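Per our numbering, the very first residue in the sequence shown carries number 124; after that it's consecutive.
Note that beta-carbon positions come from the ideal geometry of N, C-alpha and C, so glycine has one too.
Please read these numbers as outputs of a predicted model, since none were measured by experiment.
Okay, structure first, notes after.
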Amino acid sequence: MGRKKIDKSSVKIYHISMKDILILGIESSCDETACSVVRNGREILSNVVLSQIDIHKLYGGVVPEIASRNHVEAIDVVFREALKEAGVTMNDIDAIAVTYGAGLVGALMVGVSFAKALSQATGKPLIAVNHIEGHICANYLTYADLEPPYLCLLTSGGNTSIVDVVDYNNYDVLASTVDDAVGEAFDKVARVLGLPYPGGPKVDELQKQGKASYAFHTVLLNNGNFSYSGLKTAVINTIHNSQQRGEEVNAADIARSFTVCAIDGLIKRTEQLLGVTGRKTVAVAGGVGANSYIRQRLDELSKRGYRVCLPKLALCGDNAAMIASRGYFMYLEGQFADSLLNANPSLKLRGQKPHH
Ligand code: KG4
């Protein structure tokens, strides 16, 4: 019997898979300054989010310049807090994952510059994370057993897509909006209804008291993609026409009719694609995943035998734990960035065409 020869490369893989991997996540793409430490892509050791919502509320929306300045002031404190809460130092961190797009350019640059400086100073590798891919990974932080393949319904303020997550690092975009994102439509409808920023949750509260009495056209296009700008315009015109005729607008009914229309098309297409791909699980990602009506419609899907994954509410919005989780899977594949990394405000999902 000859002795078994040791393959050095497999020894290395064994070593990596046995050791806990700690990723520091950094997120500053819009109006949240966030840092987090996540173990092995799934376990949150700390998740610090400093929201600027109260500041931007005064202006009815996010003011990019003000967002950047507040990120600069907050990022160091948030970073230190995240390490403290996790009970670790930078020596324990294996890599630094940072959102580099999409988002507001000035806001992104704060996180990217901070991460690059930290990487240079500590020698820890840098990982450049697509914010939308981060949103998908919020599901791994909620469901320890979730594994690809599955469909992901992405519903954020800047993106609306249905993605086939083939494995941890590969996916296909199967359908997406050709204009506005669903969250953007919620925010614009909130504004014409006179609701304060951030509008999505306010429309959600209002729609619970209304009836779907206004007939708006579906957001689902014949080619299987979505369009939200037509729905948004229809809502605005309905409100303005009523006001011009001196009629009272039933805001709750408008909110309900809009919500049903905005969500039903997404659910219908999701069901079609579950059928086409044969996937049995659908995960949700992005801020609109917090909407009560989408949660009700998804519950119906689960009663029909599909597994539905919804990230915890705190992980639906922007946070750095999801960025750290995404960073972990990139770390395992050795997908590192160098010191030339820059912010990319219009970064798309791979396979998604730019619409504007
Ligand atoms: O994913 P997210 O936090 O930020 C982006 O990365 O875009 O999504 C924010 C969007 C906003 O448009 C917000 O109005 C919407 O999610 N949103 C909601 C609800 N909560 C947040 N829309 C409808 N109903 C909600 N309950």
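Three-way DSSP call (helix, strand, coil) for residue i in this model
i       : result
Cys-439 : helix
Val-161 : strand
Phe-459 : coil
Ser-469 : coil
Leu-433 : coil
Asp-376 : helix
Val-554 : Nothing about residue 554 can be read from this structure; the chain reaches only from 124 to 479.
Ile-167 : strand
Gly-148 : strand
Asp-154 : coil
Asn-364 : helix
Asp-268 : coil
Asn-282 : coil
Ser-174 : strand
Asn-414 : coil
Gly-333 : coil
Gly-428 : coil
Gly-369 : coil
Lys-142 : coil
Tyr-454 : helix
Leu-464 : coil
Leu-181 : coil
Ala-338 : coil
Arg-402 : coil
Beta-carbon proximity of residue i to residue j, cut-off 7 Å
i       : j       : result
Val-161 : Ile-149 : no
Thr-235 : Ala-205 : The sequence given here has Val at residue 235, not Thr. Contact flag unset, no.
Asn-282 : Ile-255 : yes
Gly-440 : Ser-279 : no
Thr-156 : Ile-198 : yes
Tyr-429 : Val-405 : yes
Ile-167 : Gly-450 : no
Ala-375 : Gly-317 : no
Ala-443 : Ser-159 : yes
Leu-396 : Leu-472 : no
Ser-284 : Gly-229 : no
Val-233 : Ser-151 : yes
Residues that DSSP places opposite residue i in a beta bridge
i       : result
Phe-349 : Thr-300 and Leu-343
Ile-219 : Leu-147 and Leu-249
Ala-408 : Leu-277
Leu-387 : For the record, residue 387 in the displayed sequence is Asp; it is not Leu. None, per the DSSP bridge assignment.
Gly-224 : Asn-253
Tyr-320 : Bridge partners of Tyr-320: none, in fact.
Val-288 : Tyr-273 and Tyr-294
Quick test of the definition: if touching needs 3 or more C-beta pairs under 8 Å, does the stretch 319 to 338 touch the stretch 263 to 278?
no
Next on the checklist: Using 8 Å as the cut-off, can you tell me whether the stretch 209 to 216 makes contact with the stretch 175 to 190, which would need three or more C-beta pairs spanning the two stretches below that distance?
Outcome noted: no
For the stretch 240 to 260 against the stretch 179 to 190, do three or more pairs of beta-carbon atoms, one drawn from each stretch, fall closer than 8 Å, so that the two count as touching? no
- Query: Would you call the stretch 290 to 305 and the stretch 351 to 362 touching, i.e. three or more CB-CB distances under 8 Å?
  - Reply: yes
Cβ contact (3+ pairs, closer than 8 Å) linking the stretch 423 to 435 and the stretch 450 to 466
no
TODO: Please determine if the stretch 359 to 370 and the stretch 235 to 254 are in contact, where contact requires at least 3 C-beta pairs separated by less than 8 Å.
DONE: no
* Segment contact, 8 Å Cβ cut-off, at least three pairs: the stretch 331 to 349 with the stretch 378 to 394 -> yes
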